[in-house]
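A.B. asks: Here the sequence shown stands for residues 1369 to 1599, where the numbers follow the numbering used here.
Glycine residues also receive a C-beta, built at the ideal position from the N, C-alpha and C atoms.
Encoded as structure tokens, here's the structure I'll be asking about.
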Amino acid sequence: MSKRKPKKISREDHTLKAFNGIRRMLFHNEIAPGQKIVYADLAKRLDMSPTPVIQALKWLEFQGIVRREPNRGYFTEPISLKEVKEIYEMRELVELSLLPKIVENLDEAGILKLKQALEEHRNASSRVYLNERLLKDMDFHLVLASLSGCSVQQKVLKDLFDLLYLKYRGSILFVNFMDTVDTAHRDIFDAVTRRDTDQAQKVLSAHIKDVQRHVLEGLGRMIAEKEESAF
């Protein structure tokens, strides 16, 4: 019997592996905001050639997570309070616009799916690993959006989360705030499963605004402290 030949890994697979590896580094704050990205170092850390790393950086540039400067290379973006504010404003517009469709399409399978996301976030909230809690927070909102059946808005929402969690580092944004998020998620779940669209929009809007306020205040303090330490 002849041995089966190992599956050849395509160039696209290598690029995807590099893309996911760099995303993990950004999410875990292993690449600092405003830092120059040396792709040769990334290739060494990811144990691959520079070519897929460069292609992955091009994907991230297209998403607005990194930038390329001619003759200088790739950089992570510095923190922009204006952009963070705009991200949350867009999140609110997208998520609130989906709620009527979510309520209209809601069935028992959808309720179970949303309940599972709620419980997974609640379980993660009792742990010390902030990154896991952040991912479960994102999952709850993306599962909620998926119940609308509106694929374009779901893609927009996912891209907004990428900007927040990769470009601005979730572990920096949400220190000491996640405990109150679980209560807000429960209130959103209750309103949606009661099919009370108005209440769901009210609770979700308040939730996003609360998180936005906390994030902007935290980033403002961090920027001020950095400026003070520079003197």
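Classify residue 1477: buried if its beta carbon has 16 or more other beta carbons within 10 angstroms, exposed otherwise.
C.D. replies: Per the 10 Å Cβ criterion, exposed.
A.B. asks: For residue 1490, collect the residues of the same chain with a Cβ closer than 7 Å to its Cβ; drop the 5 residues on either side in sequence, then sort them by chain order.
C.D. replies: These residues qualify, in order along the chain: 1550.
A.B. asks: Among 1448, 1426, 1483, which has the Cα closest to the Cα of residue 1553?
C.D. replies: For the residues 1448, 1426, 1483, the minimum Cα distance to residue 1553 belongs to 1483.
A.B. asks: Distance, Cα to Cα, residue 1428 vs residue 1472?
C.D. replies: So the alpha carbons of these two residues sit roughly 35 Å apart.
A.B. asks: Please specify which runs of the alpha helix (DSSP H), each continuous and at least 4 residues long, are wholly inside the stretch 1431-1475, giving them in chain order.
C.D. replies: DSSP runs (the alpha helix (DSSP H)) wholly in the stretch 1431-1475: 1449-1473.
A.B. asks: In terms of residues, what are the limits of the alpha helix (DSSP H) holding residue 1536?
C.D. replies: Here residue 1536 belongs to no alpha helix (DSSP H), and DSSP marks it neither H nor E.
A.B. asks: Looking only at its chain, what residues have a beta carbon closer than 7 Å to the beta carbon of residue 1468, apart from the 5 residues adjacent to it on each side?
C.D. replies: Hits under 7 Å: 1565.
A.B. asks: So residue 1432 and residue 1404 are supposed to be a Cβ contact under 8 Å. How far apart are they, rounded?
C.D. replies: About 18 Å; that fails the 8 Å criterion.
A.B. asks: Please state if the CB of residue 1501 and the CB of residue 1513 are separated by a distance shorter than 8 Å.
C.D. replies: Not closer than 8 Å, so no.
A.B. asks: Would you mind sorting residue 1475 into buried or exposed? The rule is 16 or more other CB atoms within 10 Å of its CB.
C.D. replies: It counts as exposed.
A.B. asks: Rank 1445, 1426, 1408, 1380 by C-alpha distance to the C-alpha of residue 1532 and give the top, closest one.
C.D. replies: The shortest C-alpha separation from residue 1532 is found at 1445.
A.B. asks: Any idea what DSSP makes of residue 1399, helix, strand or coil?
C.D. replies: Looking at residue 1399 - three-state DSSP - the assignment turns out to be coil, as it is neither helix nor strand.
A.B. asks: To the nearest angstrom, report how far apart residue 1596 and residue 1506 are at their CA atoms.
C.D. replies: Each residue's Cα considered, the two are about 33 Å apart.
A.B. asks: Is there contact here, the stretch 1379-1393 with the stretch 1412-1420, by at least three beta-carbon pairs under 8 Å?
C.D. replies: Enough Cβ pairs lie closer than 8 Å, so yes.
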